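Participant: Take this structure first; my questions come after.
Protein chains: 4
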Amino acid sequence: MKEKVIPLSIRTRDSERSRSVILKSALEEFALHGLGGARIDRIAERSNLNKRLIYYYFSDKDQLFQAVLEAAYQKIRESERQLNLESLQPSTAIRKLVEFTWNYYLENPEFLTLLNSANLHKGRHIEESSNVLTLNSPLIELLGEILEKGRVSGEFRGGIDPLQLYVSIAGLSYFYLSNNSTLSFIFGRNLMAPKAKSERLSHMCEVILGYVLRG
Amino acid sequence: MKEKVIPLSIRTRDSERSRSVILKSALEEFALHGLGGARIDRIAERSNLNKRLIYYYFSDKDQLFQAVLEAAYQKIRESERQLNLESLQPSTAIRKLVEFTWNYYLENPEFLTLLNSANLHKGRHIEESSNVLTLNSPLIELLGEILEKGRVSGEFRGGIDPLQLYVSIAGLSYFYLSNNSTLSFIFGRNLMAPKAKSERLSHMCEVILGYVLRG
Amino acid sequence: MKEKVIPLSIRTRDSERSRSVILKSALEEFALHGLGGARIDRIAERSNLNKRLIYYYFSDKDQLFQAVLEAAYQKIRESERQLNLESLQPSTAIRKLVEFTWNYYLENPEFLTLLNSANLHKGRHIEESSNVLTLNSPLIELLGEILEKGRVSGEFRGGIDPLQLYVSIAGLSYFYLSNNSTLSFIFGRNLMAPKAKSERLSHMCEVILGYVLRG
Amino acid sequence: MKEKVIPLSIRTRDSERSRSVILKSALEEFALHGLGGARIDRIAERSNLNKRLIYYYFSDKDQLFQAVLEAAYQKIRESERQLNLESLQPSTAIRKLVEFTWNYYLENPEFLTLLNSANLHKGRHIEESSNVLTLNSPLIELLGEILEKGRVSGEFRGGIDPLQLYVSIAGLSYFYLSNNSTLSFIFGRNLMAPKAKSERLSHMCEVILGYVLRG
DNA sequence: TATGAATGAGAATTCATTCAT
DNA sequence: TATGAATGAATTCTCATTCAT
Numbered sequence: 010m011k012e013k014v015i016p017l018s019i020r021t022r023d024s025e026r027s028r029s030v031i032l033k034s035a036l037e038e039f040a041l042h043g044l045g046g047a048r049i050d051r052i053a054e055r056s057n058l059n060k061r062l063i064y065y066y067f068s069d070k071d072q073l074f075q076a077v078l079e080a081a082y083q084k085i086r087e088s089e090r091q092l093n094l095e096s097l098q099p100s101t102a103i104r105k106l107v108e109f110t111w112n113y114y115l116e117n118p119e120f121l122t123l124l125n126s127a128n129l130h131k132g133r134h135i136e137e138s139s140n141v142l143t144l145n146s147p148l149i150e151l152l153g154e155i156l157e158k159g160r161v162s163g164e165f166r167g168g169i170d171p172l173q174l175y176v177s178i179a180g181l182s183y184f185y186l187s188n189n190s191t192l193s194f195i196f197g198r199n200l201m202a203p204k205a206k207s208e209r210l211s212h213m214c215e216v217i218l219g220y221v222l223r224g
Numbered sequence: 010m011k012e013k014v015i016p017l018s019i020r021t022r023d024s025e026r027s028r029s030v031i032l033k034s035a036l037e038e039f040a041l042h043g044l045g046g047a048r049i050d051r052i053a054e055r056s057n058l059n060k061r062l063i064y065y066y067f068s069d070k071d072q073l074f075q076a077v078l079e080a081a082y083q084k085i086r087e088s089e090r091q092l093n094l095e096s097l098q099p100s101t102a103i104r105k106l107v108e109f110t111w112n113y114y115l116e117n118p119e120f121l122t123l124l125n126s127a128n129l130h131k132g133r134h135i136e137e138s139s140n141v142l143t144l145n146s147p148l149i150e151l152l153g154e155i156l157e158k159g160r161v162s163g164e165f166r167g168g169i170d171p172l173q174l175y176v177s178i179a180g181l182s183y184f185y186l187s188n189n190s191t192l193s194f195i196f197g198r199n200l201m202a203p204k205a206k207s208e209r210l211s212h213m214c215e216v217i218l219g220y221v222l223r224g
Numbered sequence: 010m011k012e013k014v015i016p017l018s019i020r021t022r023d024s025e026r027s028r029s030v031i032l033k034s035a036l037e038e039f040a041l042h043g044l045g046g047a048r049i050d051r052i053a054e055r056s057n058l059n060k061r062l063i064y065y066y067f068s069d070k071d072q073l074f075q076a077v078l079e080a081a082y083q084k085i086r087e088s089e090r091q092l093n094l095e096s097l098q099p100s101t102a103i104r105k106l107v108e109f110t111w112n113y114y115l116e117n118p119e120f121l122t123l124l125n126s127a128n129l130h131k132g133r134h135i136e137e138s139s140n141v142l143t144l145n146s147p148l149i150e151l152l153g154e155i156l157e158k159g160r161v162s163g164e165f166r167g168g169i170d171p172l173q174l175y176v177s178i179a180g181l182s183y184f185y186l187s188n189n190s191t192l193s194f195i196f197g198r199n200l201m202a203p204k205a206k207s208e209r210l211s212h213m214c215e216v217i218l219g220y221v222l223r224g
Numbered sequence: 010m011k012e013k014v015i016p017l018s019i020r021t022r023d024s025e026r027s028r029s030v031i032l033k034s035a036l037e038e039f040a041l042h043g044l045g046g047a048r049i050d051r052i053a054e055r056s057n058l059n060k061r062l063i064y065y066y067f068s069d070k071d072q073l074f075q076a077v078l079e080a081a082y083q084k085i086r087e088s089e090r091q092l093n094l095e096s097l098q099p100s101t102a103i104r105k106l107v108e109f110t111w112n113y114y115l116e117n118p119e120f121l122t123l124l125n126s127a128n129l130h131k132g133r134h135i136e137e138s139s140n141v142l143t144l145n146s147p148l149i150e151l152l153g154e155i156l157e158k159g160r161v162s163g164e165f166r167g168g169i170d171p172l173q174l175y176v177s178i179a180g181l182s183y184f185y186l187s188n189n190s191t192l193s194f195i196f197g198r199n200l201m202a203p204k205a206k207s208e209r210l211s212h213m214c215e216v217i218l219g220y221v222l223r224g
């Protein structure tokens, strides 16, 4: 009797594929419903894979969420890396960072929801993550260098904490986008209309550059 | 013979008390676990009241959440009203608004979680709220007047959209506080340490005032 | 201090009114949903009276159902009494009884549902009824006399059990009307269309009269 | 080394078995208590299966009821098919149909309760059934042929609507059996006593045959 | 690696009924 | 007589998770 031998390379690839399909489906589900509202059943449906397989690969819901979170961080870090801010003029670099942040959140809204969920759970999932490296943003260091370069050239004011600046840049986009539903309703303006979005970006650039640039 | 006279006010208050006790317990529960993670059972326990009563007063979980949300908005609007920004000098008023926002979020962290939950559900609960009045922030209008006053006096630059400014002020505090768990972990700094907090407040004031003040 | 004195006659009348309003609302509810599906809450709403009052007057759901059932029987017995079959010619009397049964069921569909509910519960509610008198149909006796009169006159065949005939007359209408929903669907005909109804009535008269009349 | 080979047929049968055990238990429960009074918990107990499994296979109570209803129709249709009325003499065929109906209702009293429940809910469950084929009785057509054959041979009268006749045959048995509890009580006769039952059957045959046979 | 079947614990919601006045 | 508030026990349904193969 012939045995059907499946070469390791293929089997592995299939298994990796399943894993990543699950991860992708889970990302969608968590983004849509939060950790508490996400359903393993729906993740299975989304992925067209058996529910049991999710447990096979990720042990339980929390660990699945953790994996999703890690992947999301990995992705944004990768994107940040490709910015090549170090090669730009200080003010151009800052502006580019503001724009990048805005666009990244805009194009990856799941990231915002994921962050929210993670923080609702007091960061438990991140703390338990082994992949600390991918989490730790190298951007702070880089930002410090840019600020220093700008200060030396006389373009920027001094005494700016890169972490504070980073948090501010993120916060300006984050709040607007993450809470866009309620804000749009309360203010009676569609904050996601193209014009509204471009106004927001201009405003943020003005605020951040107005701050870093020497009066 | 002594008659046991129970004034109507007390009987009435009982029902109002139950309602408000439930509302308070629900606020805690929703803040702690989000809408999806909140448990009606726990809300009943928290309030020392019968689970059935929650349904008696609020029909279902979503409507309870909505009521909690409305109450939270009512509360922050009330606090805003008491700021009396209109009586202050423009730059003082702006600074005070930044400080107020920061402190309010700091002292009422439930508000942040609630906002997150509401937006996770695409603002559905707010949209269904009948109490739109308490939701609509009168602050935008007031902020517009302050900006205009500052512009006229030559203190402030012109062309600032009060809504954008408001969102930025909120965003600077919001992101820092709402995501403090993961940020603290990633950056390896306790962002809630007293010193960190006061640094953040200074930074935010610099950013906002640096922006509004005429170079 | 003046005491507001309400004369007994008025108060009593109110109480009777409440009782009968509840009974009517309960009839509707039981007819619509059966005993198991009926809701005390809905009966209270229907009657615009307090739920507590239902218990005040009727002790519990089962006894309320029993009261409703008794009232329904009382009503049909009263209608039967007004038929005055005894004064008619035998064959006319039989035809009139068939027509009456059909029309009564048609106009009082609750009666059918009530009967169903009562029998689903093995007649428990009737057996516990004290009002047996109003339940016991005097019609059987009367029917016996009519059949005898017809037999003597040579119009009717002999040996007809009035109970069997009564049950048959009722059954011919009952099955058609009580199960009209499913029958209409299965047979693809609207059994409640005017033409269908009049055809049914003709058919039933033919069947019953064809049976009682001497070939 | 012995290999434990479990044929697919058994594994498959397990699931089918569970499904059919649930269906059977549900039939009993619905027959005993109606749709509103039936309890999923009791169905689970009856079937010695997990309550969760009921939802796994049937989604919810209504769909379970629908499945039970379909099965009941399937069963009676199957029994009807085995009657082979077409091979009999017209009058014999009619008598056999009356007897069959009576006996089927007698031996499958759940069918009556089920019909009642279905109609209490306005036939909603049947209408949503996809299995229309099993619902539609082929008997009407057959009955039409029998009536025609009888008419041609001069045995039967003409102008009989097979649907009306079918409904009448069913109604004569149905009313007696479905409402036997209250009828027995009201008339003070045990309608389920052997003698009473045989008298009923004779009566029904007389009524129906008296009607179809040419005077 | 993959999957359909099965389950216990729990969660939202409902219901008849009683309390207190 | 009338009523709003309160409740315990169910009841339907859900969810993460495991079994068996």
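Chains as they are written, first to last, in the numbering used here: chain A, 10 to 224; chain B, 10 to 224; chain C, 10 to 224; chain D, 10 to 224. Note that the Cβ used here is the ideal one computed from N, Cα and C, for glycine as well. In this text, all values refer to a predicted model and were calculated from it rather than measured experimentally.
1. For chain B, find out if any of its Cβ atoms is closer than 7 Å to the Cβ of Phe196(A); answer yes or no.
2. Using a Cβ-Cβ distance under 7 Å, would Ala179(A) count as near chain B?
3. Assuming Thr191(B) and Ala127(A) are in contact, meaning their beta carbons sit under 8 Å apart, how far apart are those beta carbons, in whole angstroms?
4. How would you call Val161(C), buried or exposed, if buried means at least 16 neighbouring beta carbons within 10 angstroms?
5. Let me confirm a value: Asn125(B) is counted as buried when at least 16 other C-beta atoms fall within 10 Å, else exposed. Which label applies?
6. With which residues is Phe165(C) paired in a DSSP beta bridge?
7. Inspect the beta-carbon positions of Ala40(A) and Leu73(A) and report whether they are closer than 7 Å.
8. Counting C-beta neighbours from all protein chains within 10 Å, is the total for Glu38(B) 16 or more, i.e. buried, or is it exposed?
9. If we count the other Cβ atoms within 10 Å of its Cβ and call it buried at 16 or more, is Ser177(A) buried or exposed?
10. Output, in sequence order along the chain, the residues in the segment 180 to 192 of chain B whose CB is closer than 9 Å to any CB in chain A.
11. Is there contact here, the segment 170 to 187 of chain C with the segment 106 to 114 of chain C, by at least three beta-carbon pairs under 8 Å?
12. Suppose the cutoff is 6 Å on Cβ atoms and the five residues either side in sequence are ignored; what does the same chain contact list for Leu200(A) look like?
13. Quick one: which unbroken beta strand (DSSP E) runs of 3-plus residues sit fully inside the segment 49 to 125 of chain D? Chain order, please.
14. Taking the C-alpha atoms as reference points, what is the distance between Val77(A) and Gly43(B)?
15. Under 7 Å, CB to CB, which of the residues in the segment 116 to 133 of chain B have a partner in chain A?
16. Compare the C-beta of Val225(A) with all C-beta atoms of chain B and state if any pair is closer than 7 Å.
17. What do you get for Gly168(B), buried or exposed, if any count of 16 or more other CB atoms within 10 angstroms of its CB means buried?
18. I want to know whether the segment 132 to 140 of chain A touches the segment 194 to 213 of chain A - three or more CB-CB distances under 8 Å.
19. At least one CB of chain D closer than 7 Å to the CB of Thr101(C): is that the case?
20. Leaving out five residues before and five after Ala47(D) in sequence, what residues of the same chain have Cβ atoms less than 6 Å from its Cβ?
21. At a Cβ threshold of 7 Å, is Leu172(D) touching chain C?
22. Going by CA-CA distance only, name the one from Asn59(B), Lys131(B), Ile103(B), Ser88(B) that's closest to Gln75(B).
23. According to DSSP, is Lys131(D) part of a helix, a strand, or is it coil?
24. Using a C-beta cutoff of 7 Å, does Val216(C) count as contacting chain D?
25. With 8 Å as the limit, tell me which residues of the segment 137 to 166 of chain B have their beta carbon closer than that to any beta carbon of chain A; keep them in chain order.
26. My guess is that Arg86(B) and Thr143(B) are in contact by the Cβ rule of under 8 Å, so how many angstroms apart are they, rounded?
27. Using a cut-off of 8 Å between C-beta atoms, extract the partners of Glu208(D) located in chain C.
28. Along chain B, in chain order, which residues have C-beta atoms closer than 8 Å to that of Tyr220(A)?
29. Which chain C residues sit within Cβ distance under 9 Å of Ile135(D)?
30. Since Ser182(B) is in the alpha helix (DSSP H), which residue starts that stretch and which ends it?
31. For the candidate residues Arg198(D), Leu186(D), Ile52(D), Ile155(D), whose alpha-carbon lies nearest to that of Pro99(D)?
32. Below 9 Å on C-beta distance, what does Val107(C) contact in chain D?
33. How many Å lie between Ser96(A) and Ser29(A) at the Cα?
34. For a test of the three-state rule: what should DSSP assign to Leu200(C), helix, strand or coil?
35. So within the segment 134 to 160 of chain B, which uninterrupted alpha helix (DSSP H) runs reach at least 4 residues, ignoring any that extend past its ends?
36. Hey, could you find the ends of the alpha helix (DSSP H) Ala5(D) is sitting in?
Facilitator: In terms of the structure at hand:
1. Cβ-Cβ to chain B under 7 Å: yes for Phe196(A).
2. Taking 7 Å as the threshold, the shortest C-beta distance from Ala179(A) to chain B falls below it.
3. About 5 Å separates the two Cβ atoms, so the contact holds.
4. Using a 10 angstroms sphere on the CB of Val161(C), the tally of other CB atoms stays under 16, which defines it as exposed.
5. Taking all protein chains in view, the Cβ of Asn125(B) is crowded by 16 or more other Cβ atoms within 10 Å, so the residue is classified as buried.
6. DSSP output for Phe165(C) lists Leu222(C) as bridge partner(s).
7. Cβ distance not < 7 Å, so Ala40(A) and Leu73(A) don't count as in contact.
8. So Glu38(B) ends up on the buried side.
9. Buried, since its Cβ has 16 or more Cβ neighbours within 10 Å.
10. Of all residues in the segment 180 to 192 of chain B, Gly180, Leu181, Ser182, Tyr183, Phe184, Tyr185, Ser187, Asn188, Asn189, Ser190, Thr191, Leu192 have a Cβ within less than 9 Å of some Cβ in chain A.
11. Because the criterion of three Cβ pairs below 8 Å is met, the segment 170 to 187 of chain C and the segment 106 to 114 of chain C touch.
12. Cβ neighbours of Leu200(A) beyond the five flanking positions: Asn189, Leu192, Ser193.
13. Qualifying beta strand (DSSP E) stretches: none in this window.
14. Cα-Cα distance, rounded: 19 Å.
15. Shown in chain order are the members of the segment 116 to 133 of chain B whose Cβ falls below 7 Å from a Cβ of chain A: Thr122, Leu124, Asn125, Ala127, Asn128, Leu129, Lys131, Gly132.
16. Nothing can be reported for residue 225(A): it is not among the residues displayed for chain A, which extend from 10 to 224.
17. Gly168(B) is exposed by the Cβ-count criterion.
18. Per the Cβ contact rule, the segment 132 to 140 of chain A is not in contact with the segment 194 to 213 of chain A (fewer than 3 Cβ pairs under 8 Å).
19. So, not an interface residue.
20. For Ala47(D), where only same-chain residues beyond five positions count, the Cβ hits under 6 Å are Glu38, Phe39.
21. Contacts with chain C at 7 Å (Cβ-Cβ) include Leu172(D).
22. For the options Asn59(B), Lys131(B), Ile103(B), Ser88(B), the alpha carbon positioned closest to that of Gln75(B) is the one of Lys131(B).
23. DSSP places Lys131(D) in coil when its eight states are reduced to three.
24. Closer than 7 Å to the CB of Val216(C) there is at least one CB belonging to chain D.
25. Those residues of the segment 137 to 166 of chain B that come within reach of chain A (Cβ to Cβ, closer than 8 Å) are Leu144, Asn145, Ser146, Ile149.
26. Contact holds; Cβ gap of about 6 Å.
27. Residues of chain C passing the Cβ test: Asp170, Gln173.
28. Chain order gives the chain B residues near Tyr220(A) as Glu215, Val216, Gly219, Tyr220, where near means a beta carbon separation below 8 Å.
29. Here the neighbours are Ser190, Thr191, Phe194, Ile195.
30. Taken as a continuous stretch (DSSP letters only), the alpha helix (DSSP H) holding Ser182(B) covers 171 to 187.
31. It is Ile155(D) whose Cα lies nearest to the Cα of Pro99(D).
32. What Val107(C) touches in chain D: nothing, since even the nearest Cβ is about 12 Å away.
33. Rounded to the nearest whole angstrom, the CA to CA distance from Ser96(A) to Ser29(A) is 34 Å.
34. It is coil, neither helix nor strand.
35. For the segment 134 to 160 of chain B, whole alpha helix (DSSP H) runs of length 4 or above, ordered along the chain, are 141 to 144.
36. For residue 5(D) there is no data in the structure shown, the boundaries of chain D being 10 and 224.
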